[in-house]
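Heads up: the protein sequence lines correspond to chains A and B, in order.
Residue 52 in the working numbering sits at position 48 of the first sequence, with consecutive numbering throughout.
Residue 50 in the working numbering sits at position 46 of the second sequence, with consecutive numbering throughout.
These notes are about the structure you will find just below.
Number of protein chains: 2
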Amino acid sequence: MKQQKRTKKDSLGLMSFTALLRSANIISNEVHKNLGANNLTVSQFGILEALHKIGPMYQRDLAAQILKTTGNITTVIDNLEKRELVQRIREMKDRRYFQVVLTPEGAKLIKKIYPTHVRRVDQVMDKLTKGEQEELKQLCDKLEQKESAKQD
Amino acid sequence: MKQQKRTKKDSLGLMSFTALLRSANIISNEVHKNLGANNLTVSQFGILEALHKIGPMYQRDLAAQILKTTGNITTVIDNLEKRELVQRIREMKDRRYFQVVLTPEGAKLIKKIYPTHVRRVDQVMDKLTKGEQEELKQLCDKLEQKESAKQD
DNA sequence: ATCTTTTTGTTCGATTTCAAATTAATAACA
DNA sequence: TGTTATTAATTTGAAATCGAACAAAAAGAT
Numbered sequence: 005m006k007q008q009k010r011t012k013k014d015s016l017g018l019m020s021f022t023a024l025l026r027s028a029n030i031i032s033n034e035v036h037k038n039l040g041a042n043n044l045t046v047s048q049f050g051i052l053e054a055l056h057k058i059g060p061m062y063q064r065d066l067a068a069q070i071l072k073t074t075g076n077i078t079t080v081i082d083n084l085e086k087r088e089l090v091q092r093i094r095e096m097k098d099r100r101y102f103q104v105v106l107t108p109e110g111a112k113l114i115k116k117i118y119p120t121h122v123r124r125v126d127q128v129m130d131k132l133t134k135g136e137q138e139e140l141k142q143l144c145d146k147l148e149q150k151e152s153a154k155q156d
Numbered sequence: 005m006k007q008q009k010r011t012k013k014d015s016l017g018l019m020s021f022t023a024l025l026r027s028a029n030i031i032s033n034e035v036h037k038n039l040g041a042n043n044l045t046v047s048q049f050g051i052l053e054a055l056h057k058i059g060p061m062y063q064r065d066l067a068a069q070i071l072k073t074t075g076n077i078t079t080v081i082d083n084l085e086k087r088e089l090v091q092r093i094r095e096m097k098d099r100r101y102f103q104v105v106l107t108p109e110g111a112k113l114i115k116k117i118y119p120t121h122v123r124r125v126d127q128v129m130d131k132l133t134k135g136e137q138e139e140l141k142q143l144c145d146k147l148e149q150k151e152s153a154k155q156d
């Protein structure tokens with residue numbers, strides 16, 4: 005009963021698109037699967053990472069950083085604040101903004117787990133050679149350009 | 005007040021990892037952003053796409069296909085079944101399995117929207133040349149191998 | 001100054017999602 | 001046969017997530 009479909013071959017675009025999404029999904033799961041040990045979600049970790057590497061940020065910028073909606077950032081920050089890993093500080097100049105900063109505990113946590121995270125990432129990416137990693141990065145960066153920015 | 009951090013430079017692994025996840029996220033949003041017009045979620049679309057291209061499948065295999073848990077598949081199929089786009093058919097040989105099949109309406113819907121989807125994907129991926137798309141696919145495929153398959 | 005628009009963050013309702021526990025069916029095997 | 005283990009799907013409870021509507025603050029226009 006296995007009906008042989010007239011397999012219209014997938015376009016190269018579709019195949020590369022699918023491969024991109026699949027690998028990103030798989031790699032992300034591999035890297036993040038042990039975040040639960042510290043009771044962190046991927047988004048929460050992303051926030052801590054951004055604050056760790058960039059410093060205090062507005063919620064708006066955090067949303068752009070981890071590619072989520074501002075509505076989502078609100079709840080993620082809420083939960084991090086409940087655990088006292090970050091703190092909101094109202095901006096005086098423009099009172100619409102909150103600066104989000106790491107608390108000492110938050111800083112301590114991310115400092116503790118970040119090196120392991122980086123090691124895991126390197127380990128996973130080492131399935132590719134350095135040259136291939138460089139190539140992959142170039143291609144992904146190029147894919148990010150706005151649609152209108154295409155020239156041919 | 006922008007405090008200059010002693011920027012320990014990111015490893016190539018981390019940079020390529022970040023680029024991969026970012027671009028996958030952005031590209032996925034670009035491609036899927038108009039699914040709402042047909043009241044479909046990304047997962048629902050993924051199910052319809054798989055059934056369209058591969059034919060009837062067990063829930064277990066659908067989960068593997070769209071990289072979600074079987075628990076999640078249950079609710080996604082529930083919702084598709086409510087709209088009568090798919091149907092569960094109990095497998096006779098082994099009654100633990102359900103075959104999920106497209107209903108005529110489901111088949112009609114996916115046939116209608118799939119060409120547009122493919123066109124969008126090709127359009128988005130055309131930010132890369134054919135050669136680059138091929139290269140990207142190769143690299144992503146290579147990344148998917150199980151960790152144990154590494155030799156060093 | 002007052003009205004309008006834009007921007008930031010919050011809230012709300014609905015859905016997705018997961019992990020863990022559970023149920024049902026089958027397989028393995030003594 | 002009966003017991004145990006495995007597997008497929010469901011349920012449950014919690015959290016993430018989105019889009020849309022909303023409030024507060026600031027900026028701009030006249």
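Backbone N, C-alpha and C define an ideal beta-carbon position, used for all residues, glycine too.
As the structure is a prediction and not an experimental result, all values here were calculated from the model.
- Message: Less than 8 Å between CB atoms is the rule here; does Gly40(B) satisfy it with respect to chain A?
- Response: Locating residue 40(B) in the second sequence gives position 36, counting from the first residue. Gly40(B) does not count as touching chain A.
task = Between the Cα of Gly75(A) and those of Gln127(A), Gln63(A), Lys97(A), spot the shortest distance and give me the residue it belongs to.
result = Here residue 75(A) refers to the residue found at position 71 when the first sequence is read from its first residue. Nearest option by C-alpha distance: Gln63(A).
Notebook entry, point to check: Whose C-beta lies closer than 7 Å to the C-beta of Asp109(B) among residues of the same chain, with five residues either side of it excluded?
Noted result: In the second sequence, the residue the question calls residue 109(B) occupies position 105. Per the sequence shown, the amino acid found at residue 109(B) is Glu instead of Asp. Cβ neighbours of Glu109(B) beyond the five flanking positions: Glu88, Leu89.
By DSSP, does Glu44(A) sit in helix, in strand, or in coil?
Taking the first sequence and counting its residues from 1, the one referred to as residue 44(A) is at position 40. The question names Glu, yet the displayed sequence has Leu at residue 44(A). In the three-state DSSP reduction, Leu44(A) falls in the coil class, being neither helix nor strand.
- Message: Just to make sure I have the definition right: I need the residues of chain B whose C-beta is within less than 8 Å of the C-beta of Phe21(A). Which are they?
- Response: In the first sequence, counting from the first residue as 1, residue 21(A) sits at position 17. Neighbours of Phe21(A) on chain B, chain order: Ile31, Val35, Val125, Val128, Met129.
| field | Cut-off 8 Å between Cβ atoms - residues of its own chain near Leu113(B), not counting five sequence neighbours on either side | value | As a position in the second sequence, residue 113(B) is number 109, starting the count at 1. Hits under 8 Å: Asn42, Leu52, Leu89.
Q.
Less than 8 Å between the beta carbons of Gly17(A) and Gln103(B), yes or no?
A. In the first sequence, residue 17(A) corresponds to position 13, counting from 1. In the second sequence, residue 103(B) corresponds to position 99, counting from 1. For Gly17(A) and Gln103(B), no; Cβs fall outside 8 Å.
Residue-chain proximity (Gly17(B), chain A), Cβ-Cβ < 8 Å: Your numbering for residue 17(B) matches position 13 in the second sequence. Answer yes: the Cβ-Cβ gap between Gly17(B) and chain A drops below 8 Å somewhere.
Where does Met61(B) sit, in a helix, a strand or coil, going by DSSP?
-> Locating residue 61(B) in the second sequence gives position 57, where the first residue counts as 1. Met61(B) falls in the strand class under three-state DSSP.
* Could you say if the stretch 25–45 of chain B and the stretch 130–149 of chain A meet the contact criterion of at least three C-beta pairs nearer than 8 Å? => yes
Item to check | Against chain A: residues of the stretch 134–145 of chain B by CB proximity under 7 Å | outcome: Here the close residues are Lys134, Glu136, Gln137, Glu138, Glu139, Leu140, Lys141, Leu143, Cys144, Asp145.
Chain-ordered neighbours of Gln149(B) on chain A, where CB pairs are closer than 9 Å:
Translated into positions along the second sequence, residue 149(B) becomes position 145. Neighbours of Gln149(B) on chain A, chain order: Lys131.
By a C-beta neighbour count over all protein chains shown, 10 Å radius and 16 as the cutoff for buried, is Lys86(B) buried or exposed?
For this step, residue 86(B) is matched to residue 82 along the second sequence. By the neighbour-count rule (16 or more Cβ atoms within 10 Å), Lys86(B) is not buried but exposed.
Can Val35(A) and Val125(A) be called in contact, C-beta distance under 8 Å?
For the purposes of this step, residue 35(A) is identified with residue 31 of the first sequence, where counting begins at 1. For the purposes of this step, residue 125(A) is identified with residue 121 of the first sequence, where counting begins at 1. In contact: Val35(A) and Val125(A) (Cβ atoms closer than 8 Å).
- Message: Please state the DSSP three-state secondary structure of Leu25(B).
- Response: By 1-based counting over the second sequence, the position of residue 25(B) is 21. Leu25(B) falls in the helix class under three-state DSSP.
field: Chain-ordered chain A contacts of Val122(B) [CB-CB under 9 Å]
entry: For the purposes of this step, residue 122(B) is taken as residue 118 along the second sequence, with counting starting at 1. Going along chain A in sequence order, the residues near Val122(B) (Cβ under 9 Å) are Asp14, Ser15, Gly17, Leu18.
Give the secondary structure of Leu52(B) by DSSP, where H, G and I count as helix, E and B as strand, and everything else as coil.
-> As a first step, residue 52(B) is located in the second sequence; it is residue number 48 there, counting from the start. Here Leu52(B) sits in helix by DSSP.
Item to complete: Going by CA-CA distance only, name the one from Met19(B), Ser15(B), Gln48(B), Phe21(B) that's closest to Leu106(B).
Response: Locating residue 106(B) in the second sequence gives position 102, counting from the first residue. The option with the nearest alpha carbon to Leu106(B) is Gln48(B).
>> Given this structure, state the Cα-to-Cα distance separating Leu66(A) from Ala54(A), to the nearest angstrom.
In response: Numbered from its first residue, the first sequence carries residue 66(A) at position 62. Numbered from its first residue, the first sequence carries residue 54(A) at position 50. Looking at the two C-alpha atoms, the distance is approximately 7 Å.
Next item on the list: Give the straight-line distance between the Cα atoms of Lys154(B) and Lys131(A), rounded to the nearest whole angstrom.
Entry: The sequence position of residue 154(B) within the second sequence is 150, counting from 1. The sequence position of residue 131(A) within the first sequence is 127, counting from 1. A caution first: Lys154(B) carries a pLDDT of 43, below 50, which makes its placement in the model too unreliable to give a value.
message = Under 8 Å, Cβ to Cβ, is there at least one residue of chain A near Arg26(B)?
response = As a first step, residue 26(B) is located in the second sequence; it is residue number 22 there, counting from the start. Contact with chain A is found for Arg26(B), since one of that chain's Cβ atoms lies less than 8 Å from the residue's Cβ.
**OP:** Give the interface partners of Leu44(A) over in chain B, defined as CB-CB distance under 7 Å, in chain order.
**Re:** Locating residue 44(A) in the first sequence gives position 40, where the first residue counts as 1. Those within 7 Å of Leu44(A) in chain B number zero; the least Cβ separation is about 16 Å.
Gln103(B) by DSSP, collapsed to three states: which one?
If you number the second sequence from 1, residue 103(B) lands on position 99. Three-state result, Gln103(B): strand.
Quick check on the burial criterion: 16 or more other C-beta atoms within 10 angstroms. Buried or exposed for Met129(A)? Taking the first sequence and counting its residues from 1, the one referred to as residue 129(A) is at position 125. Its Cβ being crowded by 16 or more others within 10 Å, Met129(A) is buried.
Margin query: Below 8 Å on the Cβ atoms is my contact criterion, and I expect His56(A) with Tyr118(A) to pass it. Report the Cβ-Cβ distance as a whole number of Å.
Written below: As a working note, residue 56(A) is residue 52 in the first sequence. As a working note, residue 118(A) is residue 114 in the first sequence. With 8 Å as the limit, His56(A) and Tyr118(A) qualify as a contact, their Cβ atoms being about 6 Å apart.
Exercise. Using DSSP with H/G/I as helix, E/B as strand and the rest coil, what is Arg92(B)?
Worked result: Translated into the one-based positions of the second sequence, residue 92(B) becomes position 88. Three-state DSSP puts Arg92(B) in a strand.
Practice task
Give the secondary structure of Leu16(B) by DSSP, where H, G and I count as helix, E and B as strand, and everything else as coil.
Solution key: Stepping through the second sequence from its first residue, residue 16(B) is reached at position 12. In the structure shown, Leu16(B) sits in a helix (DSSP, three-state: H, G or I).
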